[in-house]
Amino acid sequence: MQDSEGSNQEGHHFVVTSLDRAIARELAQVVVGHGWALYELRPMTLGLEELFVRLTAEDQKAAA
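Numbered per my numbering, the sequence shown spans residues 214 to 277.
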């Protein structure tokens, strides 16, 4: 997850973590602790191909 301090951008942010560690509670505490709005936090399972497509699509949007 990238630090967006000073940014007013809203959108989806994805956090990629290993399967053996549940971090939902920790992540929610950090987000709320910084005063950021948290509307939804849900687990999402992606295959490697789908993850690659999403990440590269975001990079292409940022470069445009």
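Cβ atoms here follow ideal geometry from the backbone N, Cα and C, with glycine treated the same way.
Helix or strand or just coil, what does DSSP make of residue 259?
Residue state, collapsed to three classes: coil.
Classify residue 254 as helix, strand or coil using the three-state DSSP reduction.
coil
Output yes or no for whether 9 Å exceeds the beta carbon distance between residue 240 and residue 254.
yes
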